[in-house]
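This report refers to the structure that appears directly beneath it.
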Amino acid sequence: MVRRSSAIETIKLGPSVQPYLHHIESAIVPDNTKEGAYDEALAGAQYVVHIAGAWPMPHLHPDNDIYYPFIQSTKYLIKAAEKAGTVKRIVFTQAGAGLVDSEDGDTLGTRMDRVLNGIHLSCSSCSDPAYQGCNRASRSFQNITRVPTAIEVLS
Amino acid sequence: MDYLAHLQATAQLSFSIAQVIPGTVIGPSEFCNTSAQAVAHMDRQTKALLFDDVPPRYAFGFVHVEDCARIHIEALDEKKTGGGDLPKWFVAAETVEEGVDAPKLWNAAADMIETEFGDKISTGLFRVGRTKVPINAPFRADSRTTEAMLLGGGKIRGLKDCVREVARWYIELKKQEVEDSMPT
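Take a look at the structure:
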């Protein structure tokens with residue numbers, strides 16, 4: 002699922018996809034913030050991978066152009082999967098950029114002393130390894146919810 | 191991320207949700223046919239290291255493009271991820287050991303370039319950006335959960351391996367351009 006037909010044409014030109022062209026079906030969703038945007042595309046799908054991201058360009062408003070559209074599209078994707086009734090799993094890509102607070106500016110340093118793993122964010126310089134015990138990490142953790150991500154779906 | 195994690199944890203849905211956080215994705219692109227295209231689509235970390243380009247502003251770990259793609263697809267596999275709770279997210283980036291900071295990572299990659307591509311540095315094709323360390327690198331990735339659950343214990347390729355592969359790819363594109371420009 003892509004937003005422009007030119008995108009799927011580009012994908013189909015890739016050398017590695019040539020043996021699999023006959024397996025590829027596509028759907029165009031020009032505006033993924035409209036309610037029901039994904040309903041038709043997800044009908045009958047069992048597995049969904051939600052990838053890609055909106056690069057935070059200077060001319061884009063962080064909330065109006067990135068954050069809220071992302072939240073809406075995510076919710077509509079989940080709604081579409083519920084409506085389909087056939088979906089077993091959705092894999093979402095999240096952006097590492099969401100781990101930091103833009104208000105911190107360039108003050109985060111290069112120590113790499115916070116751990117990003119599959120369980121929690123932790124900070125090795127804190128006594129409590131869980132992210133809840135670390136103000137710095139938990140502040141970043143809060144900002145994980147503000148991830149600029151756009152939509153591509155393979156079903 | 192929290193919204194999805196909450197949905198996942200509270201099992202309100204008829205399907206499961208897996209989240210993947212990739213580091214900087216590095217690797218050759220099959221959509222590039224020229225060295226100029228390769229540079230235009232190259233990630234900032236690799237450009238900093240191979241061409242002494244500007245330092246990247248952020249780094250959150252590093253992953254080969256093929257490993258990153260594979261992790262997304264393997265995360266769909268309900269058998270591999272088991273019937274229990276999924277991790278809050280799958281980290282798709284090479285594990286970096288505790289005590290290693292960004293300058294150390296950069297030095298290791300720069301050493302590799304100087305050792306393996308010394309002749310290309312001599313000709314000016316590469317100019318090592320040893321000091322072009324990302325300005326903000328507060329996290330080290332620990333992707334052992336991802337590797338165990340999704341990759342059968344296999345290792346995710348990180349900065350040094352990825353930059354090496356991109357360097358070789360770039361050299362091949364340059365070589366091909368020289369050959370194509372030769373009179374037949």
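These protein sequences, in sequence, are chains A and B.
Read in order, the letters of the first sequence correspond to residues 2 to 156 in my numbering.
Read in order, the letters of the second sequence correspond to residues 191 to 374 in my numbering.
Cβ coordinates follow ideal geometry from the N, Cα and C atoms, glycine included.
Contact with chain B is found for Phe93 (chain A), since one of that chain's Cβ atoms lies less than 8 Å from the residue's Cβ. By the Cβ neighbour-count rule, Val101 (chain A) is buried, with 16 or more other Cβ atoms within 10 Å of its own. Within the stretch 107 to 119 of chain A, those residues whose Cβ lies closer than 9 Å to any Cβ of chain B are, in chain order, Asp107, Thr108, Leu109, Gly110, Thr111, Arg112, Met113, Asp114, Arg115, Val116, Leu117, Asn118, Gly119. Residue pairing by DSSP puts Ile91 (chain A) in a beta bridge opposite A:Val49, B:Ile207. In the structure shown, Asn297 (chain B) falls within a helical segment according to DSSP collapsed to helix, strand and coil. Look at Asp243 (chain B): its C-beta is not under 8 Å from any C-beta on chain A. With fewer than 16 other Cβ atoms inside 10 Å of its own Cβ, Tyr69 (chain A) counts as exposed. Nearest Cα to Ala249 (chain B) within the set B:Arg234, B:Arg260, B:Asp243, B:Ile263: B:Arg234.
Residues are counted here when their Cβ sits less than 8 Å from a Cβ of chain A; for the stretch 253 to 286 of chain B these are His262, Ile263, Ala265, Leu266, Glu268, Pro277, Lys278, Trp279, Phe280, Val281, Ala283, Val286, given in chain order. Residue range 192 to 199 is occupied by the alpha helix (DSSP H) that includes Leu194 (chain B). Under the three-state reduction of DSSP output, His254 (chain B) falls in the strand class. Rounded to whole angstroms, the separation of the alpha carbons of Phe221 (chain B) and Ala327 (chain B) is 30 Å. Straight across, the Cα-Cα distance linking Leu197 (chain B) with Leu203 (chain B) is about 7 Å. For the stretch 214 to 268 of chain B, the full-length beta strand (DSSP E) segments reaching 3 residues or more read 214 to 216, 252 to 254 along the chain. Setting aside the 5 residues that flank it on each side, Val368 (chain B) has no residue in the same chain whose C-beta is closer than 7 Å to its C-beta.
Chain-order list of chain B residues neighbouring Pro16 (chain A): Glu220, by C-beta distance under 8 Å.
Thr108 (chain A) places its beta carbon 8 Å or farther from that of Asp291 (chain B). Taking 8 Å as the CB threshold, Arg330 (chain B) lines the interface with chain A. Going by beta carbons, Ile211 (chain B) and Leu43 (chain A) fall outside the 8 Å limit.
The beta carbon of Thr34 (chain A) sits closer than 6 Å to the beta carbons of Pro70, Gln73, Ser74 from its chain, once the five residues preceding and following it are set aside; these are given in chain order. Taking 4 residues as the minimum length, the alpha helix (DSSP H) runs contained wholly in the stretch 282 to 339 of chain B are 292 to 306, 308 to 312, in order along the chain.
Under the Cβ criterion of 8 Å, Asp291 (chain B) is counted among the residues facing chain A.
For Val356 (chain B) and Glu256 (chain B), the gap between their C-alpha atoms comes out near 13 Å. Using a CB distance cut-off of 8 Å, Lys89 (chain A) counts as an interface residue toward chain B.
As the crow flies, the alpha-carbon of Phe93 (chain A) is around 6 Å from that of Ala208 (chain B). Secondary structure note for Leu117 (chain A): it is in no alpha helix (DSSP H), and the uninterrupted beta strand (DSSP E) holding it is 115 to 117.
CA-CA distance, Glu337 (chain B) to Gly344 (chain B), rounds to 6 Å. CA-CA distance, Tyr39 (chain A) to Glu288 (chain B), rounds to 43 Å. Checking the DSSP bridge columns, you'll see Val353 (chain B) has no partner listed. Per DSSP, the beta-bridge partners of Pro212 (chain B) are B:Ala282.
Per DSSP, the continuous alpha helix (DSSP H) segment holding Leu43 (chain A) begins and ends at 40 to 43. By the C-beta density criterion, His62 (chain A) is exposed, having fewer than 16 other C-beta atoms within 10 angstroms. In this structure, the straight-line span from the alpha carbon of Val253 (chain B) to that of Asp242 (chain B) is close to 21 Å. Judged by DSSP in its simplified three-state form, Ile29 (chain A) adopts strand. Val3 (chain A) is bridged by DSSP to A:Ile29.
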